[in-house]
Amino acid sequence: MNFTSLVVILENDFLGVDNMLNQNSKNEKITDTDLTKEQKLLILLDDLMALLKVNGYWETKQPTIEQLASQQPFAIDMLTFTQWLQFIFIVRMKRLIVMQQTLPTTMSIAPMASQVLPNEFALFKILSVIDSVISE
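Numbering (my numbering), first residue to last: 193 to 328.
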């Protein structure tokens, strides 16, 4: 799956990917090859945030320091998967990108989503694309 297929899969303009891929300020066609990995990830992370909000998973209350300090994969002992996405994954990935630090070279978040949220197809698909972009 490539980055532009996300638009077809999710079919939701609210995600912003559609507009970003279709035109730039000069009304020229933008393709996924025009975007850096970091730009793609920032768009996808924003889309993930929007999807979490639309589906009612976005939380306003911050977890405790102890919960955020979990050493377990996906902080499974302290947080729900969607809390982990919101308060750990999105925050850390954006920080890596903004600080121009090295990104992971592989990632497998989508399989966890399919296990804990089996009916959330759009969430699974966007996480699959994030997994794919990371390993480009």
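For each residue, glycine too, the CB sits at the ideal point set by N, CA and C.
Reducing DSSP to helix, strand and coil, say where residue i ends up.
| i | result |
| --- | --- |
| glutamate 251 | coil |
| isoleucine 318 | helix |
| methionine 285 | helix |
Considering residue i, what are the terminal residues of the alpha helix (DSSP H) in which it resides?
| i | result |
| --- | --- |
| isoleucine 257 | 257-260 |
| proline 303 | 302-308 |
| glutamine 231 | 229-246 |
| threonine 274 | 273-276 |
Is residue i near residue j, with beta carbons less than 8 Å apart?
| i | j | result |
| --- | --- | --- |
| leucine 233 | isoleucine 289 | yes |
| leucine 271 | glutamine 259 | yes |
| phenylalanine 279 | methionine 304 | no |
| leucine 315 | leucine 243 | yes |
| leucine 295 | isoleucine 322 | no |
Could you name the residues of the same chain whose beta carbon sits closer than 6 Å to that of residue i, not counting the 5 residues immediately before and after it, in chain order?
| i | result |
| --- | --- |
| leucine 319 | Ile301, Ala302, Ala305 |
| glutamate 230 | Ile289 |
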